[in-house]
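Everything below concerns the one structure shown next.
Protein chains: 2
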Amino acid sequence: MSNPTGREWLLLNLRKLARERPLARGEVLFRKDDVAAGIYEIEQGQVRLFRLDPEGREIVLHVAGPGDLIAEASLFSAVYNCDATAVADARVRFYPKSALLAEFRRDPAAADAFMAMLARELMALRTRLERRNIRSASARVQNYLALNTGADGRTVTLQGTIKDLAAELGLTHEALYRTLNKLESAGKIARPKGKIVLKNTAPI
Amino acid sequence: MSNPTGREWLLLNLRKLARERPLARGEVLFRKDDVAAGIYEIEQGQVRLFRLDPEGREIVLHVAGPGDLIAEASLFSAVYNCDATAVADARVRFYPKSALLAEFRRDPAAADAFMAMLARELMALRTRLERRNIRSASARVQNYLALNTGADGRTVTLQGTIKDLAAELGLTHEALYRTLNKLESAGKIARPKGKIVLKNTAPI
DNA sequence: CGGCGTTTTGAGAGAGCTCAACATCGGTGG
DNA sequence: CCACCGATGTTGAGCTCTCTCAAAACGCCG
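As given, the protein sequences belong to chains W and A, one line each in that order.
Reading the first sequence from the start, the letters are residues 902 to 1105 in the numbering used here.
Reading the second sequence from the start, the letters are residues 902 to 1105 in the numbering used here.
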């Protein structure tokens, strides 16, 4: 569901190493302790990564959506260490581990690019996690807005639905609607279609 | 505050490239748009990473604690893209960018190890974020416990205080105490000193 | 012993969740 | 072109869970 810049670069350069694969709802992509064959990019649908506890219950680790890369760590591990199944019909792109690692050796710039992508994603993820530490819905929304403005530093272009944004923020969509309303009433934002514009709040 | 395995390896091998630096509370580590000199490992204290919004307010991106690495993305960027200051007196270890990148070229295994570390951290972070999507305190705690058991699959060794755990889970410490009490009363866990043991809940 | 931080329990309030109803918007097919 | 359908968007009302504020017990260290 996220989409850091730089991802595209990687995919364009390494896509030739990849193979597409459709995935039916419920289908298994890989299982824990399977030999780690490579990493996957989700193109459509959703894939759930999970472990099984001693009682056989699924403990969800991550639900990956379009644009997400999964199992990067398997590049440096002999086996996968969780299960992956499609939540809904999906299409994934498979990048064979051996080809990727060979490419990294052949072309250090590719390795750098991959590292850079990981590092950027890490940063973005830390920011998202930090945001979740903010208890108030309003403050959480404002944090998101402040960190996702375009070049003008004021305009946020919404890319998904409001429901998607609510999920990203860890709020119900109802709570998000109300919060946006309050912010608008308070004059802190304006809401042209498909965008949210931060209004100037007077400095101290 | 986290501490994925594999980190140690990296630090041992690359530590010779690093330099220690004490940091007084409030002291600036780097500023946005400063030339990216390298990455930092927090050894003590806390460092806050943030941006300034148009009104000059700090928007927190991340608060890093002991064991955390910050500014990894700066290895692949000309400048830092946020500010970093010490929240409390701190000590950091500085890894110069040029030395790290040179080492990666000289020894591809070092590059792999660094990549592996980033990938593992990414995975751990996704899991933590996913956990925050769980609304109920009890379910969130159980998710944490299920994913942090030792070799026996049942025993969780607490490394910090309960307050630390509460912060990790995004709960107040009071809420966590109560939740643990309920889980214990319900017979789902036992709490020997410094540990939490998951009890067998009968399979279906 | 004294002080500080953690652990623990209590009581109350409030924020966000849940459930529900309705509006709106695209898309689809008759 | 319109009726219909599903998904998204929007608003309402009530309730529950967690937060907040308070206070006390406990443990550790100087």
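C-beta atoms are modelled at their ideal positions from N, C-alpha and C, and glycine is treated no differently.
The model shown is predicted, which means the values in this text are computed figures rather than measured ones.
Measure the Cβ-Cβ separation of residue i and residue j and say whether it is below 8 angstroms.
i: residue 971/W; j: residue 996/W; result: no
i: residue 1098/A; j: residue 1055/A; result: yes
i: residue 887/A; j: residue 1078/A; result: Residue 887/A lies beyond the range of chain A shown here (902 to 1105); nothing can be said about it.
i: residue 943/W; j: residue 952/W; result: no
i: residue 922/W; j: residue 993/W; result: yes
i: residue 936/A; j: residue 974/A; result: no
i: residue 925/A; j: residue 990/A; result: yes
i: residue 985/A; j: residue 950/A; result: yes
i: residue 1030/A; j: residue 1006/W; result: no
i: residue 934/W; j: residue 981/W; result: yes
i: residue 1047/W; j: residue 1008/A; result: no
i: residue 998/W; j: residue 1095/W; result: no
Compare the Cα-Cα distances from residue i to each of the options and report the closest residue.
i: residue 1058/A; options: 929/A, 973/A, 1090/A, 958/A; result: 1090/A
i: residue 1004/W; options: 914/W, 1100/W, 1092/W; result: 914/W
i: residue 983/A; options: 1000/A, 999/A, 964/A, 969/A; result: 964/A
i: residue 1087/A; options: 1035/A, 957/A, 1043/A, 939/A; result: 1043/A
i: residue 1049/W; options: 962/A, 1049/A, 1017/A; result: 962/A
i: residue 1100/W; options: 1066/A, 956/A, 1051/A, 1017/A; result: 956/A
i: residue 916/A; options: 1011/A, 945/A, 928/A; result: 1011/A
i: residue 1061/A; options: 1074/A, 920/A, 1016/A; result: 1074/A
Contact defined as beta carbons within less than 8 angstroms: I believe residue i pairs with residue j. What is the distance between those atoms, to the nearest angstrom?
i: residue 1023/A; j: residue 1019/W; result: 6 angstroms
i: residue 1021/A; j: residue 1032/A; result: Rounded, the Cβ-Cβ distance is 17 angstroms, inconsistent with contact.
i: residue 947/A; j: residue 966/A; result: 5 angstroms
i: residue 1037/A; j: residue 1084/A; result: Residue 1037/A to residue 1084/A, Cβ: 12 angstroms. No contact.
i: residue 930/A; j: residue 1000/A; result: So it is not a contact: roughly 18 angstroms between Cβ atoms.
i: residue 1071/A; j: residue 1082/W; result: Contact doesn't hold; Cβ gap of about 25 angstroms is too wide.
Would you give the residue range spanned by the beta strand (DSSP E) that residue i belongs to?
i: residue 949/A; result: 948 to 953
i: residue 930/A; result: 929 to 931
i: residue 943/A; result: 939 to 945
i: residue 1096/A; result: 1096 to 1099
i: residue 1058/A; result: 1056 to 1058
i: residue 922/A; result: 920 to 924
Along the alpha helix (DSSP H) that carries residue i, what are the first and last residues, could you check?
i: residue 1041/W; result: 1038 to 1048
i: residue 1082/W; result: 1074 to 1086
i: residue 934/W; result: Element bounds for residue 934/W: n/a, residue is neither H nor E.
i: residue 1065/A; result: 1063 to 1070
What runs of the alpha helix (DSSP H), each 4 residues or longer, lie entirely inside the region 961 to 1025 of chain A? The region 961 to 1025 of chain A contains these whole alpha helix (DSSP H) runs: 998 to 1007.
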